[in-house]
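Working notes, structure below.
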Amino acid sequence: MDYTIDQRWTDYTVEEHATWKVLFERQVGVLRAGACRPFVDALRTLPIGPERIPDLAQLNPLLGARTGWTVVAVPGLVPDEVFFEHLARREFPVGRFIRKPHQLDYLQEPDIFHDVFGHVPMLMHPAMADFMQAYGAGGLRALRLGVLEQIARVYWYTVEFGLVEEEGQLRIYGSGIASSFAECGYCLNDPVPQRLHFDLDRVLRTAYRIDAFQACYFVLGHFDQLLELARIDFAPHYAHASSSEVLRPEARLPADRVYAMRGSTKGARAGAGG
Ligand code: HBI
Ligand code: FE
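For any residue, its number in this note's numbering is found by taking its place in the sequence shown, counting from 1, and adding 8.
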């Protein structure tokens, strides 16, 4: 049982399509300036628009041709093992349902807006495509090794809440940010959260919040870093993280490379406080 269901696209109501439209239009507005180029370009290429909830069957030919990924519908959250098995097969499970009008700003479970608008554009990127598959295989292994919490942090701080350097600016590629109206501005411009250069060992031991804006974002210098993560053996890194204390997201270490200037990658430096 892999939890996949029929999307039953024709069953979406007029109200549900209208919810999609509200979400889509306000998100495109905030992402025009803040999203990385691959995200924006893929969103333009894919049959994802304001007027209707996307039909997964129409996404798959393009996605498949570009990176070999497919999307499948599921009822909502699926067990970790099932989720990882899908990813390891280059299948991304998409929650079939859409949030209710009173949940526009936040809901805990991934719905079709988060999963399609947030995740699918980056699945068109070859590095993200390989990384997500490796994460699925690595997740199955992490379950056996008892280090699920650690590997989940890598997913959280890349796929869900990752930032990337682009033309000397910070840009959004994480789907948890890209599908959130308020966090798009917050992650780039607010002085409160810290933005640290991505470091695997640092990320493996950094706890995260699921119920508030992130206190810490990790920044890739380049998407090729995801290919490197897809290739390496995490085992020695798990061992290192297991022997270190877990860090709160607000924590700052001497070795952290901090992005000091708001919205800019200028001033990324090691060791600075405050
Ligand atoms: N199921 N549908 C769905 N989507 C997710 O993002 C998801 C999931 N199940 C488990 C899960 N994520 C995470 O807990 C793992 O990445 C650890
Ligand atoms: Fe997600």
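By construction, the Cβ of each residue, glycine as well, lies at the ideal position given by its N, Cα and C atoms. Note that the coordinates shown come from a computational prediction; the quantities given were computed from them, not determined experimentally.
CB-CB length for His25 against Ile61, believed under 8 Å: 6 Å
Contact under 7 Å by Cβ, Pro257 with Tyr194: no
Contact between the segment 94–108 and the segment 35–47 (3+ Cβ pairs under 8 Å): no
From Leu234, Cys192, Ala220, Gln222, residue whose alpha carbon lies closest to that of Phe206: Leu234
Leu64 versus Val79: straight-line alpha-carbon distance, rounded: 7 Å
Cα-Cα separation, Gly76 to Thr21: Taking the straight line from one Cα to the other gives about 31 Å.
Cα-Cα separation, Leu169 to Phe226: Inspection of the sequence shows that residue 169 is occupied by Phe rather than by Leu. Spanning the two alpha carbons is a distance of roughly 8 Å.
Bounding residues of the beta strand (DSSP E) (the contiguous stretch that carries His205): For His205, the uninterrupted beta strand (DSSP E) segment begins and ends at 202–205.
For Ser188 and Gln116, the rounded distance between their alpha carbons: A direct Cα-Cα distance of roughly 12 Å separates Gln116 from Ser188.
Neighbourhood of the ligand HBI [Cβ distance below 6 Å to any heavy atom], ordered by chain position: Chain-ordered list of matching residues: Val82, Leu85, Val86, Asp88, Phe91, Pro101, Gly103, Pro118, Ala160, Tyr163.
Where the beta strand (DSSP E) containing Ser78 begins and where it ends: In the sequence on display, residue 78 carries Thr and not Ser. Thr78: member of the beta strand (DSSP E) spanning 78–82, first to last residue.
Same chain only: Cβ atoms within 7 Å of Thr12, ignoring 5 sequence neighbours per side: Taking Thr12 as the centre and dropping the five residues before and after it, the same chain places the C-beta of Val80, Ala81, Val82 closer than 7 Å to its C-beta, in chain order.
Per-residue burial, Arg16 [other beta carbons within 10 Å of its own, 16 or more giving buried]: exposed
Under the three-state DSSP convention, the category Tyr225 falls into: strand
Those runs of the beta strand (DSSP E) which lie wholly inside the segment 141–208 and span at least 3 residues: 171–174, 177–180, 202–205
Reduced DSSP category for Glu258 - H, G, I as helix; E, B as strand; rest coil: coil
Distance CB(Ala96)-CB(Gly154) smaller than 7 Å: no
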